[in-house]
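Numbering (our numbering), first residue to last: 2 to 157. Just so it is clear, CB atoms sit at the ideal spot from N, CA and C, and this is done for glycine as well. Values in this document were obtained by computation on a predicted structure and should not be read as measured data.
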């Protein structure tokens, strides 16, 4: 009897392991899931100084979701996009303003967990005071069209 009593924890561990393995095996093949350590940050090709991590899709055709990391004290001059976008502020405070010229008095502060949408072709500008991470989604093709072409990144 003493042997059976000592075996109970091992039997419970085997059953639990089987349940965990079965649950993992039930995950659909095309499921996408990330932990914070899984994101692969790369320099943004469109706006110098930003980092981008692809969550889903691409911005050339079809739906996309990106995480964008903005450094502290960063400004993006007035611009628009050909597609409607949605944003969720993951961390930091994001400042957004609407119009054809950067105007700090028009900035609206959106703290972490805020959400907003940008209509297609609507000029806007942004600023950060501390580091900010946003999650952006849309349906490509997309682009960044600066109101003043002099603000566009220089092609190398």
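Assuming residue 103 and residue 76 are in contact, meaning their beta carbons sit under 8 Å apart, how far apart are those beta carbons, in whole angstroms? 7 Å
By DSSP, does residue 105 sit in helix, in strand, or in coil? In this structure, residue 105 counts as helix in the three-state DSSP scheme.
Local conformation of residue 82 per DSSP, three classes: coil
In chain order, what residues of the same chain lie with their CB nearer than 6 Å to the CB of residue 136, ignoring the 5 residues before and after it? 68, 89 and 91
Given that a residue counts as buried once 16 or more other Cβ atoms are within 10 Å of its Cβ, and exposed if not, what is residue 114? Exposed, by the Cβ-count rule.
On a Cα-Cα basis, can you pick out the residue from 52, 100 and 48 that is closest to residue 42? 52
Residue 37 (DSSP reduced to helix, strand or coil): helix
Would residue 141 and residue 49 be called neighbours here (beta carbons separated by less than 7 Å)? no
Measure how close the beta-carbons of residue 107 and residue 79 come, nearest whole angstrom, since I'm counting them as under 8 Å. The pair is not a contact, with the Cβ atoms about 11 Å apart (cut-off 8 Å).
Where residue 151 sits in the DSSP three-state scheme: helix
Quick one: Cα of residue 110 to Cα of residue 72, how far? 16 Å
So residue 133 packs on residue 95, CB below 8 Å; how close in whole Å? 5 Å
Buried or exposed: where does residue 97 fall if 16 or more other Cβ atoms within 10 Å of its Cβ makes it buried? buried
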